[in-house]
Amino acid sequence: MAKFSFRPHNNPFLPHRTNPHSSISHSVSATRLVSHPQLLRLSLRVRCSIKEKENLKGNEELPPVLSGLKVDESEQTGSISKYENGLSSGNGIDEVGFDSNWPPWKNVPDRYKMIGTTALAFVICNMDKVNLSIAIIPMSHQFGWNSSVAGLVQSSFFWGYALSQLPGGWLAKIFGGRKVLEIGVLTWSLSTALVPFLAGYMPGLILSRILVGIGEGVSPSAATDLIARLIPLQERSRAVAFVFGGLSVGSVSGLLLAPPLIQNFGWESVFYIFGFLGIAWFAGFQFLDGQPSVPLKSFPDESESESGYPNKKLTTPIKLQQLPAALKEVPWRGFFEYPPVWAMIYTHFCGSWGHYTCLSWLPTYFSEELNLNLTEAAWVSILPPLASIFVTSIASQLADNLISNGVDTTTVRKICQTIAFVSPAVCMTLSSVDIGLPPWEVVAILTSGLALSSFALSGLYCTHQDMSPEYASVLLGITNTVGAIPGIVGVALTGFLLDSTHSWSISLFAPSIFFYLTGTIVWLVFASSKPKTFSKNE
Numbered sequence: 001m002a003k004f005s006f007r008p009h010n011n012p013f014l015p016h017r018t019n020p021h022s023s024i025s026h027s028v029s030a031t032r033l034v035s036h037p038q039l040l041r042l043s044l045r046v047r048c049s050i051k052e053k054e055n056l057k058g059n060e061e062l063p064p065v066l067s068g069l070k071v072d073e074s075e076q077t078g079s080i081s082k083y084e085n086g087l088s089s090g091n092g093i094d095e096v097g098f099d100s101n102w103p104p105w106k107n108v109p110d111r112y113k114m115i116g117t118t119a120l121a122f123v124i125c126n127m128d129k130v131n132l133s134i135a136i137i138p139m140s141h142q143f144g145w146n147s148s149v150a151g152l153v154q155s156s157f158f159w160g161y162a163l164s165q166l167p168g169g170w171l172a173k174i175f176g177g178r179k180v181l182e183i184g185v186l187t188w189s190l191s192t193a194l195v196p197f198l199a200g201y202m203p204g205l206i207l208s209r210i211l212v213g214i215g216e217g218v219s220p221s222a223a224t225d226l227i228a229r230l231i232p233l234q235e236r237s238r239a240v241a242f243v244f245g246g247l248s249v250g251s252v253s254g255l256l257l258a259p260p261l262i263q264n265f266g267w268e269s270v271f272y273i274f275g276f277l278g279i280a281w282f283a284g285f286q287f288l289d290g291q292p293s294v295p296l297k298s299f300p301d302e303s304e305s306e307s308g309y310p311n312k313k314l315t316t317p318i319k320l321q322q323l324p325a326a327l328k329e330v331p332w333r334g335f336f337e338y339p340p341v342w343a344m345i346y347t348h349f350c351g352s353w354g355h356y357t358c359l360s361w362l363p364t365y366f367s368e369e370l371n372l373n374l375t376e377a378a379w380v381s382i383l384p385p386l387a388s389i390f391v392t393s394i395a396s397q398l399a400d401n402l403i404s405n406g407v408d409t410t411t412v413r414k415i416c417q418t419i420a421f422v423s424p425a426v427c428m429t430l431s432s433v434d435i436g437l438p439p440w441e442v443v444a445i446l447t448s449g450l451a452l453s454s455f456a457l458s459g460l461y462c463t464h465q466d467m468s469p470e471y472a473s474v475l476l477g478i479t480n481t482v483g484a485i486p487g488i489v490g491v492a493l494t495g496f497l498l499d500s501t502h503s504w505s506i507s508l509f510a511p512s513i514f515f516y517l518t519g520t521i522v523w524l525v526f527a528s529s530k531p532k533t534f535s536k537n538e
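In this text, residue positions in the sequence shown follow full-length UniProt numbering: the first is 1, and each later residue adds one.
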């Protein structure tokens with residue numbers, strides 16, 4: 001074990017070991033130490049000689065803390081000239097100070113740092129998505145919008161969301177998820193902050209929401225790319241649940257914060273404040289360690305190592321002029337000739353129909369059906385995403401445990417997705433049929449069904465990585481492009497049907513029930529999580 005000691009010359013009170021190879025020593029007098037007793041009360045940053053540093057590297061069992069003193073490895077790697085400068089300046093003693101374990105995430109593995117910051121981005125993502133579903137009520141009153149116009153404004157977000165899915169997946173594959181994610185967050189945050197300036201001008205308002213959709217649209221593919229490259233199979237369900245579970249946290253946070261902000265500072269405040277949060281995230285993300293800009297790892301098409309981690313090394317980023325060639329290398333034909341890919345596409349469409357229509361219209365539904373004010377309607381609206389956070393943690397643990405215990409991955413994904421679809425279909429059926437249920441029981445039933453739909457995070461949303469980690473972001477881009485169509489058609493159609501029929505059962509629940517049930521059948525028949533080699537020649 002390497003010995004750490006002070007190296008004052010000719011001082012019998014401070015022991016030191018003689019090493020002929022040591023080239024650096026510091027002269028510290030006992031008088032000077034006594035004259036500065038406060039220095040002795042501090043944890044010291046100990047600097048080794050060059051030879052001792054080499055010995056330390058070879059000793060794997062050396063603990064990081066010796067006699068209460070923590071070794072600062074960054075100081076050990078300092079150059080000789082730095083020490084010599086310290087000697088020549090007459091400082092005479094080592095740098096002194098507590099070496100605290102700060103920041104708290106200092107010793108957290110890099111992949112967990114990436115997953116944590118990505119989950120935080122998803123929290124802000126849904127805060128900026130749901131803010132309009134609350135603000136649309138006072139905005140409609142101020143600008144005189146009917147349900148059809150309100151539906152058009154809300155659906156414009158999904159125009160950009162649909163357009164950005166496939167490009168986002170491809171760009172994440174080429175440049176890595178981090179770069180795409182940070183650009184997406186900055187885009188949607190700036191566009192959110194611009195909404196109050198453009199609200200009175202319909203084309204400008206719609207354009208701003210399209211830009212929000214574009215920024216948020218690239219984020220799922222970027223996150224999928226990160227998870228596929230960083231996380232082993234045995235941890236994948238939990239990673240997906242943690243990151244995409246940030247959407248539920250964002251929904252809860254947005255629905256909680258928006259009403260008091262609107263009531264106290266006006267509806268404009270939610271766009272300013274929520275937009276600023278995304279800009280702050282972007283600024284902080286630049287300084288967080290352990291997040292390379294290029295693809296972190298490159299999985300082989302077919303398999304992973306025994307530990308579940310990739311077998312290949314880091315890939316090099318490509319230049320802009322190489323983008324057309326890179327686009328041609330993606331095996332598009334192979335994707336669309338594989339039936340499980342079509343199963344993912346249709347299942348994603350079905351799940352998105354129920355999710356987006358409820359996300360956009362539930363606050364209005366609760367307000368009208370229960371005769372609640374803005375704050376009360378928002379509080380009731382947070383129940384489904386709040387319950388989803390709890391369900392997500394259970395579903396991810398269950399899925400990962402089943403896979404670790406040898407259950408076939410495809411079987412696990414089918415079980416989880418079936419729960420995610422059948423549960424809300426049953427609950428919506430009970431809510432839409434007039435069987436004399438009190439309004440608050442309807443709220444409880446809907447909350448349960450929508451919360452159980454979070455099992456999809458351990459079903460459909462893991463299948464892209466299971467099937468092909470290398471092309472996971474591109475696959476999600478394909479399925480999410482189709483999955484964004486309900487946001488465009490479904491949200492606007494719900495408003496149109498509501499104006500025409502004045503029936504929430506017909507406009508909101510009946511289409512969702514249909515897609516949930518048909519999606520379940522397609523998923524059970526065609527879905528597969530078996531690794532697939534997509535040839536670039538296809």
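We treat Cβ as the ideally placed atom computed from N, Cα and C, and that holds for glycine.
Note that the structure is predicted; figures quoted are calculated from it, not measured.
The residues 486, 490, 511, 512, 515, in chain order, have a CB closer than 7 Å to that of residue 353 in the same chain once the five nearest residues on each side in sequence are set aside. When rounded, the separation of the alpha-carbon atoms in residue 171 and residue 180 is 7 Å. The beta carbon of residue 237 sits closer than 7 Å to those of 396, 399, 400, 458, 462, all from its chain and outside the five residues before and after it, given in chain order.
Residue 138 is positioned such that its CB atom lies closer than 9 Å to that of residue 262. Between residue 246 and residue 335, the C-beta spacing is not below 9 Å. Here DSSP, grouped into helix, strand and coil, assigns residue 429 to helix.
Less than 9 Å separates the beta-carbon of residue 222 from that of residue 118.
Cα atoms of residue 239 and residue 532: separation of roughly 21 Å, rounded to the nearest angstrom. A buried status is given to residue 480, since no fewer than 16 other beta-carbon atoms sit within 10 Å of its beta-carbon. Annotation: residue 267 is outside any alpha helix (DSSP H) and is labelled neither H nor E by DSSP.
For the options 184, 448, 472, 407, the alpha carbon positioned closest to that of residue 380 is the one of 448. Distances from the alpha-carbon of residue 148 to those of 198, 135, 499 put 499 closest. Inter-residue distance for residue 402 and residue 233 is about 12 Å (C-alpha atoms, whole angstroms).
Taking 9 Å as the cut-off, the Cβ atoms of residue 428 and residue 446 count as close.
Taking C-beta atoms under 8 Å as the contact rule, residue 128 and residue 187 fail to qualify, at a distance of about 11 Å. Here residue 169 is buried. Its C-beta has 16 or more other C-beta atoms within 10 Å.
When DSSP states are grouped into helix, strand and coil, residue 279 belongs to the helix group. In the three-state reduction of the DSSP assignment, residue 348 falls in the helix class. Residue 404 counts as exposed, since fewer than 16 other beta carbons sit within 10 angstroms of its beta carbon. For the pair residue 444 and residue 332, the Cα-to-Cα distance works out to about 44 Å. Unbroken alpha helix (DSSP H) runs of no fewer than 4 residues, entirely contained in the region 178-246, are found at 202-230, following chain order. It is roughly 29 Å from the alpha-carbon of residue 135 to the alpha-carbon of residue 421.
Put simply, the region 156-170 does not touch the region 277-288. Fewer than three CB pairs are less than 8 Å apart.
In this structure, residue 190 places its C-beta atom within 9 Å of the C-beta atom of residue 275. For the pair residue 220 and residue 145, the Cα-to-Cα distance works out to about 32 Å. Of 471, 469, 494, 369, the smallest CA-CA separation from residue 437 is found for 369.
Residue 475: member of the alpha helix (DSSP H) spanning 472-483, first to last residue. Counting along the chain, the unbroken alpha helix (DSSP H) around residue 154 starts and ends at 147-175. The criterion of a C-beta distance shorter than 9 Å is not satisfied by residue 347 and residue 495.
In the structure shown, residue 529 falls within a coil segment according to DSSP collapsed to helix, strand and coil.
Rounded to the nearest angstrom, the gap between the Cα atoms of residue 454 and residue 255 is 18 Å.
Residue 287 sits in coil when the DSSP states are folded into three classes, being neither helix nor strand. Boundaries for residue 457: no alpha helix (DSSP H) harbours it, and the DSSP string shows neither H nor E there. With contacts defined by Cβ atoms closer than 9 Å, residue 216 and residue 177 do not form a contacting pair.
Listed in chain order, the non-local C-beta contacts of residue 330 below 8 Å within the same chain comprise 170, 173, 471, 474, 536, local neighbours out to five positions each way being set aside.
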